Amino acid sequence: MLTRHPSPVVTTVARLLAPLIALFALYVVAHGHYSPGGGFQGGVLLAASTLLLRLALGEKDSAPAFPPSLALPMAVTGVLLYTVTGVVPLFLGGGYLDYARLPWPGAPAPLLRYFGILVVEVGVALAVWGTMVAIFDRLARGEG
Amino acid sequence: MRGLTLVLLGLFLALLLYAEGDLPGRGDPAAPASTHVSPYYIQHSLAETKTPNLVTSVLADYRGYDTLGETVVIVTAALAAALVLLGERRAD
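Protein chains in written order, with my numbering: chain A, -15 to 128; chain B, -18 to 73.
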């Protein structure tokens, strides 16, 4: 079990940096359409901010920021979000993962595909984030 | 035994170097990889998906099924790690 780092310098810097890393991660996820980035990279950065808090504050004190029990459900939710985005167009006359058939009245097909990509990237980010934290938590607990 | 390994590795290296000669040149516009679907993506991606980043539109839209598989693999890793490590703790 990870415990809180004794130095206040470490804990303060970690608490200052973690939200900034998470903010940049959100930018990486949302800006994947225009620059290098996307779900995988942003998800790893989100996980990095959580793991920084875990390492500095210990599992107990960082639990309010990210409860350990949330990790696996979040990872599965990410895949579910992706899969649902793929299945919904199936019922509306399109193919699997055909974002142009997503139910959003009035939007032209390119815009729908644009937002389909965004939803899918968010799903990937959630999956990666949850996976990294879930594996880390279990390995850290095994240390005893 | 060690000598045999080195000889086999050397033969394999020679085979790979021999096969490498038949690969298309780097960035060759006439290569099969550049003439199949790539031109379509390059010409139509922005108009069809409003996404200037070609990598993102191929990754999440044109080849979305592939990326879905990758995501499932990652989450499977998390579930497998959770199962294995939980089992270890219970055995203590």
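Glycine included, every Cβ here is placed at the ideal spot set by N, Cα and C. Keep in mind it's a predicted model, so treat the numbers as computed, not measured.
With C-beta atoms as the reference, is residue i less than 9 angstroms away from residue j?
i: residue 45/B; j: residue 81/A; result: yes
i: residue 87/A; j: residue 72/A; result: yes
i: residue -5/B; j: residue 5/B; result: no
i: residue 103/A; j: residue 65/A; result: yes
i: residue 32/B; j: residue 83/A; result: no
i: residue 154/A; j: residue -12/A; result: Residue 154/A cannot be examined here, being either before or after the span of chain A that is shown, -15 to 128.
i: residue 94/A; j: residue 29/B; result: yes
i: residue -11/B; j: residue 126/A; result: no
i: residue 153/A; j: residue 36/B; result: Given a span of -15 to 128 for chain A in the structure shown, any question on residue 153/A remains unanswerable.
i: residue 38/B; j: residue 26/B; result: yes
i: residue 53/B; j: residue 63/A; result: yes
i: residue 123/A; j: residue 59/B; result: no
Secondary structure at residue i, three-state DSSP: helix, strand or coil?
i: residue 26/A; result: helix
i: residue 9/B; result: coil
i: residue 50/A; result: coil
i: residue 115/A; result: helix
i: residue -5/B; result: helix
i: residue 30/B; result: helix
i: residue 107/A; result: helix
i: residue 83/A; result: helix
i: residue 50/B; result: helix
i: residue 25/B; result: helix
i: residue 128/A; result: For residue 128/A, the predicted structure reports a pLDDT of 46, less than 50, and the residue's modelled location is therefore unreliable. The matter cannot be settled from this model.
i: residue 18/A; result: coil
i: residue -18/B; result: coil
i: residue -15/A; result: coil
Does residue i pass the burial test, meaning 16 or more other C-beta atoms within 10 Å, or should it be called exposed?
i: residue 47/B; result: exposed
i: residue 3/B; result: exposed
i: residue -9/A; result: exposed
i: residue 121/A; result: buried
i: residue -14/B; result: exposed
i: residue 23/A; result: buried
i: residue 100/A; result: buried
i: residue 42/B; result: buried
i: residue 85/A; result: buried
i: residue 128/A; result: A caution first: residue 128/A carries a pLDDT of 46, below 50, which makes its placement in the model too unreliable to give a value.
Could you tell me whether the Cβ of residue i comes closer than 9 angstroms to any Cβ of chain D?
i: residue 19/A; result: Although the question refers to chain D, the structure presented lacks it and instead comprises the protein chains A and B.
Q) Would you call the stretch 34 to 44 of chain A and the stretch -12 to 6 of chain A in contact, with 3 or more CB pairs under 8 angstroms? A) With the rule of 3 Cβ pairs closer than 8 angstroms, the stretch 34 to 44 of chain A counts as touching the stretch -12 to 6 of chain A.
Q.
So, does the stretch 112 to 127 of chain A touch the stretch 26 to 34 of chain A, judging by three or more C-beta pairs under 8 angstroms?
A. Short answer: they touch.
**Q.** Meets three-Cβ-pair contact criterion under 8 angstroms: the stretch 13 to 26 of chain A and the stretch 44 to 60 of chain A
**A.** Taking a cut-off of 8 angstroms on C-beta distances, the stretch 13 to 26 of chain A does not touch the stretch 44 to 60 of chain A, as fewer than three cross pairs fall below it.
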